[in-house]
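K.L.:
Here you go, one structure.
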Amino acid sequence: MTEPPPQEHHAHHLFHDEVDAQHKRDTEQLAKFGYSQELKRSLGFFSTFAIAFSFISATNGFYALFYYGLDVGGPAGLIWQWPIIVFGQFMVALVFAEAASHYPLAGGVYQWAKRFMGGDYGWWVAWVFATALVVTVAAVAFGVAPIVCALMGWDASNTTTLLIIAICYAVGPMILNVLSVKVTAFFNNIGTVTEIIGLVVIAIALYAAVIFGKADHQSLGVFFDTTPGAGEGALFGYGSIFLASMLTGAWVLYGFDSAGGLAEETVNPTREVPRAMLFAIGITAIISAFWLVAMVLAIPDVAETQAQGTGAIAYIFDAHFPTWVTDVFLVSVCVAIFVCCLAIQAATTRLLYAYGRDKMIPASKFFAYVHPSTRTPMTSAVFVAVAAIVVLLYVNLGGSDPFFAIYRVTAWATAGTYIAYQMVVFGGLIARGRGWPKDKAYFNLGKWGWPVNILALVYGVFMIINLVWPRTPDAVWYDNYLVIVSLVVVVIGGAIIYVIQKARGVDLSATIHEIDESSAEAGAMEAMAAGEAGKVLPGGVSEMAATDDERKGATLSEF
Numbered sequence: 045m046t047e048p049p050p051q052e053h054h055a056h057h058l059f060h061d062e063v064d065a066q067h068k069r070d071t072e073q074l075a076k077f078g079y080s081q082e083l084k085r086s087l088g089f090f091s092t093f094a095i096a097f098s099f100i101s102a103t104n105g106f107y108a109l110f111y112y113g114l115d116v117g118g119p120a121g122l123i124w125q126w127p128i129i130v131f132g133q134f135m136v137a138l139v140f141a142e143a144a145s146h147y148p149l150a151g152g153v154y155q156w157a158k159r160f161m162g163g164d165y166g167w168w169v170a171w172v173f174a175t176a177l178v179v180t181v182a183a184v185a186f187g188v189a190p191i192v193c194a195l196m197g198w199d200a201s202n203t204t205t206l207l208i209i210a211i212c213y214a215v216g217p218m219i220l221n222v223l224s225v226k227v228t229a230f231f232n233n234i235g236t237v238t239e240i241i242g243l244v245v246i247a248i249a250l251y252a253a254v255i256f257g258k259a260d261h262q263s264l265g266v267f268f269d270t271t272p273g274a275g276e277g278a279l280f281g282y283g284s285i286f287l288a289s290m291l292t293g294a295w296v297l298y299g300f301d302s303a304g305g306l307a308e309e310t311v312n313p314t315r316e317v318p319r320a321m322l323f324a325i326g327i328t329a330i331i332s333a334f335w336l337v338a339m340v341l342a343i344p345d346v347a348e349t350q351a352q353g354t355g356a357i358a359y360i361f362d363a364h365f366p367t368w369v370t371d372v373f374l375v376s377v378c379v380a381i382f383v384c385c386l387a388i389q390a391a392t393t394r395l396l397y398a399y400g401r402d403k404m405i406p407a408s409k410f411f412a413y414v415h416p417s418t419r420t421p422m423t424s425a426v427f428v429a430v431a432a433i434v435v436l437l438y439v440n441l442g443g444s445d446p447f448f449a450i451y452r453v454t455a456w457a458t459a460g461t462y463i464a465y466q467m468v469v470f471g472g473l474i475a476r477g478r479g480w481p482k483d484k485a486y487f488n489l490g491k492w493g494w495p496v497n498i499l500a501l502v503y504g505v506f507m508i509i510n511l512v513w514p515r516t517p518d519a520v521w522y523d524n525y526l527v528i529v530s531l532v533v534v535v536i537g538g539a540i541i542y543v544i545q546k547a548r549g550v551d552l553s554a555t556i557h558e559i560d561e562s563s564a565e566a567g568a569m570e571a572m573a574a575g576e577a578g579k580v581l582p583g584g585v586s587e588m589a590a591t592d593d594e595r596k597g598a599t600l601s602e603f
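My numbering puts the first residue of the sequence shown at 45, with every later residue one more than the last.
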């Protein structure tokens, strides 16, 4: 066998030395927080980004909610709510990015809240978020069932058919999550690329149809067109209608924190996790805006499209393209929903793993178990899928209309996530008032920390009020105040488990681990905080940056 050239051989070894050095630094950084490296650290930037992007899943979200935004707020409401939601959630993402850079730990929002406000506060954040995530898995899995029925020609009113399809979308991602994080990333990466290409291609085709086609379409004036009579008799006129239309974007644009949930499986997480979160929300915002504008311009007739209900998108497509184009889009939606389920389950599994590792919940060993071969939190992954199936059984066999039942589930999925998010944002603001962050990490907001944190909190509280606001006065009281009722149920359930843990003698406030590091480890930590890949010196020691400027890390303006 021919020996490789000396230069190639040297470069090969240098690359592996650098990879080994980075893994060593990541392990030492994890040890600083009192944890050992149990999960397999193998994800790069794109895989971590893909997890966050797939959780958001604009294809899935807008397919399900496009008709709602159009019907409630008209084209104007559907278009102009999006930049407001993007701005608000980007403020939240910036707060999360800074937290993730300082605390790159499995469990994401739980870990950040715990270190901002203490273990008891972190416990409640994790509880609220875990309940929201489990019902999110069920809601997304159920959402694909009518689409599959439409593609296959099956009866979408058959609850057994809907249940079987939804269970497949709960169990399939669970199996991939159990196998290994590399398998999860492989399928998720393919799904992410498919979703991005699909949205862009469909949008370009719609623009071409509007410009060159002969079918009816809208002019640019449609962006200021509201639903005829919208807002009549409402408290704030069209303002009330616009607030309702904002729920479209609110129900779509969340889940970017999932990149932080897989931090202990990401290489150089203090650098890559913040970038993954911000890129996920940024690319979603741009591509979705590109797609939304195309869809609205391609509307043949606004009133007729509004009358189509959930078939609004298919109606627009059929006006410009052959029916097979609609079928191809529906297939891409099914793929997007599958990888969305995969990403949500991956994030939920890591949250429960972190929860159990800190002995925060009963059966903590069960949730903290990591399979020695796959190095995945196998039992937590199985639990998430089983819990989602229990929710699906309630939705499909509970005696009420399954589509209305899933609406009840989805209401808490979004509101619960927003509440958990804002608990972290509020905790960050309190911590900032106490002098945090005292240490530099790769991503720092610097002088922008206070205004960004305040804007994120104001937006989040506003949107929680908007999500909670009763809008169905003719419905029974518990449906009109559905989110509040759900919150009360979640708090009562959490209080029971919280008291049980306290009665067992578990000190929930004593779960923040920091250990003293040697001078060598301190040097490694400084290199990681600066986001350096590390220049390998003899003995595998990382060469530190020579100047103070190089040690500052990336600020918001430099990111």
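Positions of the beta carbon are idealized from the N, C-alpha and C atoms, including for glycine.
#1: Do you know offhand how far V468's Cα is from Q262's?
#2: Confirm, please, whether the CB-CB distance from V181 to A475 is below 9 Å.
#3: If the criterion is Cβ atoms closer than 9 Å, does the pair D402 and H146 meet it?
#4: Would you kindly check if the distance between the Cβ of T205 and the Cβ of G460 is under 9 Å?
#5: Starting from the C-beta of L243, find all residues in its chain whose C-beta is less than 8 Å away, skip the five residues before and the five after it, and write them out in chain order.
#6: To which residues of the same chain is T271 closer than 6 Å at the C-beta, ignoring the five residues directly before and after it?
#7: Using 8 Å for Cβ pairs, my map puts T372 next to I191. What's the rounded Cβ distance?
#8: Check N221 in the structure and name its three-state DSSP category.
#9: Roughly how many angstroms separate the alpha carbons of S417 and A94, rounded to a whole number?
#10: Buried or exposed: which applies to V116, given that a residue is buried once 16 or more other Cβ atoms fall within 10 Å of its Cβ?
#11: Whole angstroms are fine: how far does the CA of D64 sit from the CA of A455?
#12: Can V172 and G471 be called in contact, C-beta distance under 9 Å?
#13: DSSP three-state label for T420, please.
#14: With three or more beta-carbon pairs closer than 8 Å as the criterion, would you say the region 224-235 touches the region 409-423?
#15: Comparing C-alpha positions only, which one of G105, Q155 and G163 sits nearest to F382?
#16: Relative to the alpha-carbon of A380, which residue among A200, G121, G235 and W168 has its alpha-carbon at the smallest distance?
#17: If you compare alpha carbons, which of H67, T423 and G479 is closest to Q81?
#18: What residues in its chain sit with their C-beta under 7 Å from that of I128, if we drop five residues either side in the sequence?
#19: Comparing the C-beta of S553 with each C-beta of chain D, is any distance below 9 Å?
#20: Going by the CB atoms, is the gap between L395 and G78 shorter than 9 Å?
#21: Shortest alpha-carbon distance to V512 belongs to which of Y542, V535 and T458?
#22: In chain order, what residues of the same chain have a beta carbon less than 6 Å from the beta carbon of L83, not counting five sequence neighbours either side?
#23: By a C-beta neighbour count over all protein chains shown, 10 Å radius and 16 as the cutoff for buried, is P217 buried or exposed?
#24: Whole angstroms are fine: how far does the CA of V369 sit from the CA of A329?
#25: How should E239 be labelled, buried or exposed, when 16 other C-beta atoms within 10 angstroms of its C-beta is the threshold for buried?
#26: Whole angstroms is fine: what's the gap from N233's alpha carbon to L220's?
#27: Nearest-angstrom Cα distance between A449 and F256?
#28: Taking DSSP as the reference, what is the three-state secondary structure of L322?
#29: Can you give, in chain order, each stretch of the alpha helix (DSSP H) that sits fully within the region 501-533 and has at least 4 residues?
#30: Exposed or buried, which one is T318 when buried takes at least 16 other CB atoms within 10 Å?
#31: From what residue to what residue does the alpha helix (DSSP H) around T271 run?
#32: Does DSSP classify G578 as helix, strand or coil?
#33: Just list the residues that DSSP pairs N104 with in beta bridges.
#34: Could you check what DSSP says for F280 in three-state terms: helix, strand or coil?
#35: Would you kindly check if the distance between the Cβ of P313 and the Cβ of A170 is under 9 Å?
#36: Could you tell me whether the region 148-165 touches the region 520-527, where touching means 3 or more Cβ pairs closer than 8 Å?
P.N.:
Inspection of the coordinates gives the following:
#1: 42 Å
#2: no
#3: No, the Cβ-Cβ distance between D402 and H146 is not below 9 Å.
#4: no
#5: For L243, same chain residues with a beta-carbon under 8 Å away, outside a window of 5 residues either side, are A102, T103, I331, S332, F334 and W335 in chain order.
#6: G118
#7: According to the sequence shown, residue 372 is Val rather than Thr. The Cβ separation is near 13 Å, so there is no contact.
#8: Reduced to three states, the DSSP call for N221 is helix.
#9: The straight-line gap separating the alpha-carbon atoms of S417 and A94 is approximately 24 Å.
#10: buried
#11: 45 Å
#12: no
#13: coil
#14: yes
#15: G105
#16: When only C-alpha atoms are compared, the closest one is G235.
#17: H67
#18: M290
#19: Of the chains in the structure shown, none is chain D; there is only one protein chain.
#20: no
#21: T458
#22: E308, E309 and R419
#23: buried
#24: 24 Å
#25: buried
#26: 13 Å
#27: 43 Å
#28: helix
#29: 521-524
#30: Checking the sequence shown, residue 318 turns out to be Pro, not Thr. Flag for P318 reads buried.
#31: Annotation for T271: no alpha helix (DSSP H) segment contains it, and DSSP assigns it neither H nor E.
#32: Because G578 carries a pLDDT of 37, less than 50, the predicted location of this residue cannot be relied on, and no value is offered for it.
#33: Its beta-bridge partners do not exist; DSSP assigns none.
#34: coil
#35: no
#36: By the criterion of at least three beta-carbon pairs nearer than 8 Å, the region 148-165 is not in contact with the region 520-527.
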